[in-house]
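Student:
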Amino acid sequence: MDTNQNIKNILITGASGMLGRYLKDVFFDPEADSRIFSLGRNRDNDFSFDLTKDEPDFDGTCFDTVLHCAGTENDDHAMELNYRGTQRLLGSLSSAPPKHFIYISSYRVYSPDAGCDITEACPTEGDGKTGESKRLAETYVYEWARNHGVTLTIVRPARMFGSGVHGETLQLFKDAVNGSYIHIRGNDARVSLVTALDVARGIKGVYRTGGVFNAADGTNPRFIDMMEALSANAGRHSRMTHLPAFWAEWIWRIFRFIPAVDRNLNPRTASRRMKTVTIDGSRFSDTAKFEYHNTINVISRTDPDYPYAE
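Offset between the sequence shown (1-based) and my numbering: plus 632.
Right, here's the structure in full:
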């Protein structure tokens, strides 16, 4: 039990994930009277709990700020972790609510047909189970924070990059490096990107006042530009395989038992990748008073000002 009431305790869930690592660095201040706690499934966390199964027990420790990063892009587990896991966490915090709660949502709360420069005022509909679970969690967190007098910040990052990238983005990186990625000719769809470092920096600048924020660097490159940058990150500049849509469909029909073919050419994935969905993250940077890094340059390791991890 934490008996020192002067210490401002900070809890980060998913602290060993990509964003969680950056948040620990950004919020750590050796001269401040604060302490950072981590919650995750691994035993090396301060609190070891699986939010898909357990409601955490904090043994009387109270928190000034909670940064809830734990989540998944895997549709098979999205509802259990993103939504019900958030409910379990808030249930354990209800008896002693923090002053500030930050929920890491996703750009996928918006419809895949929402189009370009989506602002925070755009209706949320949810893209797949991941988007729907994040949308439901946002609603639940909002009501909980209002009922408990907690300052709430909801951040909806675009596709994030940084040290420790994981999930779908990690698989894209692997496909780009080993030559498994197949691009459908004529697909000039644009995407929004952001570095995890910038998301962490922005959160530090807005969490005391709260609000809902998109996080994206505003460059909105083409999907193929992102894939080529991933290839360059590994020191390879190999040309991506391009196929006409007609041949891509037939190759998937015949060879869909091959994981790389199914990953890249199954109709659901191909359809999503051919839709331009970009979000406007300017309100986040304006409020937090910082400038985004160009994520494509960061991925390709050509940004001279970015603090790359060696």
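Glycine included, every Cβ here is placed at the ideal spot set by N, Cα and C. These numbers come from a predicted model, not from an experiment.
#1: Check whether the region 834-843 and the region 799-817 are in contact - that is, three or more C-beta pairs closer than 8 Å.
#2: If distances are taken between C-alpha atoms only, which option among Asp-759, Phe-681, Val-741, Cys-748 comes closest to Ser-903?
#3: Closer than 8 Å by C-beta to Gly-799: which residues in its own chain qualify, once you throw out the five before and the five after it? Chain order, please.
#4: What separation, rounded to the nearest whole angstrom, lies between the Cα atoms of Leu-804 and Asp-708?
#5: What is the rounded straight-line gap between the Cα of Leu-699 and the Cα of Leu-802?
#6: For Met-633, I'd like the list of residues in its chain whose CB is within less than 6 Å of its CB, leaving aside the five on either flank, ordered along the chain.
#7: Shortest alpha-carbon distance to Phe-845 belongs to which of Ala-892, Asp-918, Thr-934, Asn-779?
#8: If you draw a straight line from the alpha carbon of Phe-793 to that of Thr-785, how long is it in whole angstroms?
#9: For Ile-642, report the span of its alpha helix (DSSP H) as first-last.
#10: Counting beta carbon pairs with one atom in the region 819-832 and one in the region 651-659, are three or more of them shorter than 8 Å?
#11: So is Asp-665 buried or exposed if we call it buried at 16+ other beta carbons inside 10 Å?
#12: Please name the residue, chosen from Ala-847, Pro-853, Ile-644, that lies closest to Ile-911 on a Cα-to-Cα basis.
#13: Rounded to the nearest angstrom, what separates Asp-849 and Ser-648 at their Cα positions?
Tutor: In short, the structure shows the following:
#1: In short, these stretches do not touch, since the Cβ pair count stays below three.
#2: What you label residue 903 is simply residue 271 of the sequence shown in a count that begins at 1. If we check each option's Cα against that of Ser-903, Asp-759 comes out closest.
#3: Against the sequence shown, residue 799 aligns to sequence position 167. So the list reads Thr-704, Glu-705, Asn-706, once near-sequence residues are dropped.
#4: Counted from its first residue, the sequence shown places residue 804 at position 172. Counted from its first residue, the sequence shown places residue 708 at position 76. For Leu-804 and Asp-708, the distance between alpha carbons rounds to 19 Å.
#5: Reading the sequence shown from its first residue, position 67 is the one you call residue 699. Reading the sequence shown from its first residue, position 170 is the one you call residue 802. Near 23 Å, if we compare the C-alpha coordinates of Leu-802 and Leu-699.
#6: As a first step, residue 633 is located in the sequence shown; it is residue number 1 there, counting from the start. Bear in mind that the predicted position of Met-633 carries a pLDDT of just 37, short of 50, making it unreliable; the figure below should be weighed with that in mind. Around Met-633, the same chain offers Asp-691, Gly-692 as residues with beta carbons nearer than 6 Å, after the five sequence neighbours per side are excluded.
#7: Taking the first residue of the sequence shown as position 1, residue 845 is located at position 213. Among Ala-892, Asp-918, Thr-934, Asn-779, the Cα nearest to that of Phe-845 is on Asp-918.
#8: Residue 793 sits at position 161 when you count from the first residue of the sequence shown. Residue 785 sits at position 153 when you count from the first residue of the sequence shown. Our two residues, Phe-793 and Thr-785, have alpha carbons roughly 21 Å apart in a direct line.
#9: Counting from 1 along the sequence shown, the entry for residue 642 is found at position 10. Element bounds for Ile-642: not the alpha helix (DSSP H) but the beta strand (DSSP E), 640-645.
#10: Taking 8 Å as the limit for Cβ pairs, the verdict is that the region 819-832 does touch the region 651-659.
#11: For this step, residue 665 is matched to residue 33 along the sequence shown. By the 16-neighbour rule on beta-carbons within 10 angstroms, Asp-665 is exposed.
#12: Stepping through the sequence shown from its first residue, residue 911 is reached at position 279. Closest in C-alpha terms to Ile-911, from the list Ala-847, Pro-853, Ile-644, comes Ala-847.
#13: Here residue 849 refers to the residue found at position 217 when the sequence shown is read from its first residue. Here residue 648 refers to the residue found at position 16 when the sequence shown is read from its first residue. Distance between the alpha carbons of Asp-849 and Ser-648: 24 Å.
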